[in-house]
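Residue numbers (the working numbering), protein chains in the order written: chain R, 406 to 748; chain C, 9 to 565.
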Amino acid sequence: MPLNRRLTVPLAALVAGSAMASQAAAAEELNVYSARHYDSDEALYAAFTEQTGVEVNVLEGDSDQLIQRLKLEGEASPADVMITVDAGRLWRGEQEDIFASVDSEVLDERLPDYMRHPEGKWFGFSQRVRAIFIDPTEVDADEITSYEDLADPKFEGQVCIRSSNNIYNQSLLASLIAHHGEEEAEAWAKGVVDNFARDPEGGDTDQIRGVASGECNIALANHYYYVRLVNSDQEADREAAEKVEIVFPNQDGRGAHVNVGGAGMVKGAPNEENAVRFLEFLASDEAQALFATGNYEFPAVESAETDGVIASWGDFKKDDLNVSVLGENNPEAIRIFDRVGWR
Amino acid sequence: MTSPASSRAPSRLSLPFNVWNALTLGIALIVALPVIVVLAHLFMPTEGIWQHLGSTVLPRYLVNTLFLVVTVGLGTFVIGTGTAWLVVMCRFPGRRLFEWGLLLPLAVPTYVIAYAYTDFLQFAGPVQTWLRESLGWSAGDYVFPDIRSLWGAATLITLVLYPYVYMLARAAFLEQSVCVLDVGRTLGRGPWRLFTSVALPLARPAIVGGVSLALMETLNEFGAVQYFGVDTFTTGIYRTWFGMGEQVAAAQLAACLLAFVIALVLLERASRGKRRYFHTTGRYQHLPEFALHGWRAWAATLACLAPVLLGFLIPSGLLGYLSVQGGDALFGSAFLGFAGNSLLLASLAAVVAVSLALLLSYGARLHPGKVTRVATRVAAMGYAVPGSVVAVGILIPFVWMDHQINDFMKGQFGVVVGLLLSGSAFILVYAYLVRFLAVSFNAIEASLGKVTPSMDAASRTLGQTAGGTLRKVHTPIMRGSLIAAGILVFVDVMKELPATVILRPFNFDTLAIRAHSLAADERLAEASTSSLAIVAVGILPVILLSIAMRRSRPGSR
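So this is what it looks like as structure tokens:
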């Protein structure tokens, strides 16, 4: 009898224990698929863990590939939250039906309407502006005030811009398709190609450096690459930033093209509760400040603390085009790029 | 042609004689599965996408890809074979150093050399800025070759891929019997003719193996060409698949790429005809060397120095400078984690790939039927398929199996076990196998091809089984090539990026991933630390390899 008990008790405890252990582990975990590659994200996850005790597991990758993987994994996917850096990708994720609806008062209250999917499939947490950069000694800021001006023949041989493989260019063209129609958008793309100072190469920072070094007079890049140069600890970077001037396009019209970095809860998320907590955390002042000071993005919550450079720009007009249009027009944008020879 | 060994030797295996056949086919099938999945897309319909591609970008993809194939093919052949011959057969200053030094560019991934040179040579980079400042030029006043171009890509790719040819060609020259060369000499051949009419044809399978590795690597090269904005078939596949969301059309593009590779391989086989190259004698002695003097000696030194300098010393110097200036903020314990993961994956994949390649090539040797030949070719084809396409080709069947397991477990025990197969590091090793089996297979097949069949016959006559012959006769003879094959896979895995990005499990980052995500975020200076680490980790095995290759030559101390 004692022998029997000695055996069964630990055995039962072992079974129950292992069951509970796996339960407990599951409750204290959050699995994130992220298309962001910024080191400041580490601070974001660490802050969440500290606040909630939930361990964050991260898998970073390219948005489209992560969506592809989620689609294949389906219900068995370990992912709870998917983070991307582009509205077109949020839209594609929604199209592929990878997101579940989240109903959260916190998110509804803190985020402006245009930063939320109507059914809570995804939420935007930061914004980036596709800005024009000029060499003020060569180009007058009055001469170039809009994206449309980039295609003006008077700037022939002066424009630096990256490859059309890049999602930021694809989303910009998608917005032009929405505003002007396909034909005019194609004519614009053709005009920009005719104005190239050189074939598209490098990333956004390289375009800004192109202006600083005199290779071209006008460049197009996301704003935070510029702020990074301004705040860099390398002297050469700061010098380059001093030589260029930022122009927020289309201030007299629809406003500057804005893209959204956002996240949504994955359908069939094993840690649903933690996923919602995480999304709500991303809208908190603490997380919003990390977006703004870590990677110099515009926070979605206006009360959040921002970086000095960004604060100095003050308010400017943003294109309030519904971001899902960017996704819808994306395939057409790529076709236009192919047709006009924008490689 | 039936193998004399299998039909005549008394088999001591209780299994049926075609166990090798089954093994070969089994391995080939498992490794070829993702490629077959991708090929299956060929028969699915697409809506108008081909028309769009054909009328816009496809011609450019084709022209650029062909250009790269031709230039890299020629470049790697000339540099690889030439330096290998010099190092094996000639005496000149620095030769001992070059023996292993010439392998060093192998440790540099194409995307890393692209990062390094771009930063250095671009318009806003130090060289051009210095030129402008010291000579008072400004933009448009001068012509400077643009590194981010088709030519730039071809040059840089050649510089880091020629070691494939060098390595296999050198191994082949070292394995060549001195008798053949002596016969050549007796018949009045000078050093040059000896090279072109005796050594080169004898080394042909190895050289072709090396060049085709370099070419396949070129065909699915992604990091550098994308960074340079050069459109090739591979970037086109990515764009069509992940940008336009046209999975079927993208897979069909990949299938075209494969067809191209198959055509290349068949062409080479056809031109080789029925000729086969075997060593007929086991007599080895120290190879006679041509001592070079005067300008010849210096020319040889320069010829060997140039590729090492351009392909390794300069780029790692540039990276070293960058990382001292503003290196990776995570350098430290997190960094050791990345390196550990890289090492673990690379060693595991190398061991598995070499073992399977050995079994495959030996199986094909025992039963050289059409079926085995096709099977081994298909198994080695993954090398020509871009990494991310392989990854999706793997995910489709594996996730399906995971779903079956989950459904079963749920039905039987009510638990969801998650993604057992596709969610673990196991799938990565499998992916590397699919991608890189060709690397080890080519090296081992070339080496095995040079062991004369009379060895098999003798061994089997003396009572050895097929497996015993492999273990006791072939493996010792081929030791050098086996190690070479393993190192090639190891270094390739260290450098691999696209498949790793898609397939890796949570919190599992490698050096290549770290370098890539920093570079993708346009922080080259910070990416330089992990880039340099990939190179550093790759150097040691490369040097070990060189030593092993020296020792492996029968007759040498």
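Where is the CB? At the ideal position from N, CA and C, for every residue including glycine.
As a beta-bridge residue in DSSP terms, C/A299 pairs with C/R99. Excluding residues up to 5 positions away in sequence, D154, F236 lie with their Cβ nearer than 7 Å to the Cβ of C/G160 in the same chain. DSSP assignment within the stretch 21-105 of chain C yields the following whole alpha helix (DSSP H) runs of 4 residues or more, N-terminal first: 27-48, 57-63, 66-97. Around the beta carbon of C/Y125, a 10 Å sphere encloses 16 or more other beta carbons of the protein chains shown; the residue is thus reported as buried. Secondary structure of R/N734 (DSSP, three-state): coil. Between C/T118 and the set C/L436, C/E229, C/A354, C/G494, the nearest pair of CA atoms involves C/E229. Each residue's CA atom was taken as its position, placing C/T54 and C/L61 some 12 Å apart. Setting aside the 5 residues that flank it on each side, C/S369 is surrounded in the same chain by T384, F449, I452, E453, L456, each with a C-beta closer than 8 Å to its C-beta; the list follows chain order.
In this chain, the alpha helix (DSSP H) harbouring R/F696 covers 690-699. Distance from the Cα of R/W527 is smallest, within the candidate group R/R535, R/D545, R/D502, for R/D502. Between C/R479 and R/M670, the alpha-carbon positions lie close to 55 Å from each other. Distances from the alpha-carbon of R/P704 to those of R/L625, R/D513, R/C565, R/P517 put R/P517 closest.
When the beta-carbon positions are compared, C/C98 and C/F298 come within less than 8 Å of each other.
The criterion of a C-beta distance shorter than 8 Å is not satisfied by R/F696 and R/S468.
For the set C/R381, C/V397, C/R443, C/V481, the Cα lying nearest the Cα of C/P461 is the one of C/V481. Contacts with chain C at 8 Å (Cβ-Cβ) do not include R/D518. In the structure shown, C/M252 falls within a coil segment according to DSSP collapsed to helix, strand and coil. The CB of C/F131 comes closer than 7 Å to the CB of G615, S618, E620 in chain R, given here in chain order. R/P558 counts as exposed, since fewer than 16 other C-beta atoms from the protein chains shown sit within 10 angstroms of its C-beta. Contact residues of the stretch 491-515 of chain C toward chain R are P506, V509, I510, L511, R512, P513, F514, N515 (C-beta to C-beta distance below 9 Å). Taken through DSSP and simplified to helix, strand or coil, R/Q639 comes out as coil. For R/E460, no alpha helix (DSSP H) encloses it; the enclosing beta strand (DSSP E) starts and ends at 460-465. Excluding the 5 residues flanking it on each side, C/I121 has same chain C-beta neighbours closer than 6 Å at L164, V168, P323, in chain order. By the Cβ-count criterion, C/L221 is buried, with 16 or more other Cβ atoms from all chains shown falling within 10 Å of its own Cβ.
One Cα belongs to C/I547, the other to C/L112, and the distance between them is close to 6 Å. Residue state for R/Q532 is assigned as strand, using DSSP reduced to three classes. Under a 10 Å Cβ-count criterion, C/G471 is classified as exposed, with fewer than 16 other Cβ atoms of the shown protein chains found around its own Cβ. Chain-ordered listing is empty here: chain C has no CB closer than 9 Å to the CB of R/Y552, the nearest sitting near 21 Å. Linking C/A365 to C/G218 through their CA atoms gives a straight-line distance of about 16 Å. For C/D239, the closest alpha carbon among the candidates C/R156, C/L272, C/A372, C/Y150 is that of C/R156. In terms of beta-carbon proximity, C/M252 lines the interface with chain R, with at least one pair separated by less than 8 Å. Using a CB distance cut-off of 8 Å, C/E530 counts as an interface residue toward chain R. Using a Cβ-Cβ cut-off of 9 Å, C/I404 is close to L477 of chain R, given in chain order. Taking the Cα positions, C/A162 is about 49 Å away from R/E685. Of all alpha-carbon atoms in C/L227, C/R212, C/Y150, the one lying nearest the alpha-carbon of C/E276 is that of C/R212. Residues of chain C whose Cβ lies closer than 7 Å to the Cβ of R/E606 are, in chain order, R156, F236, G237.
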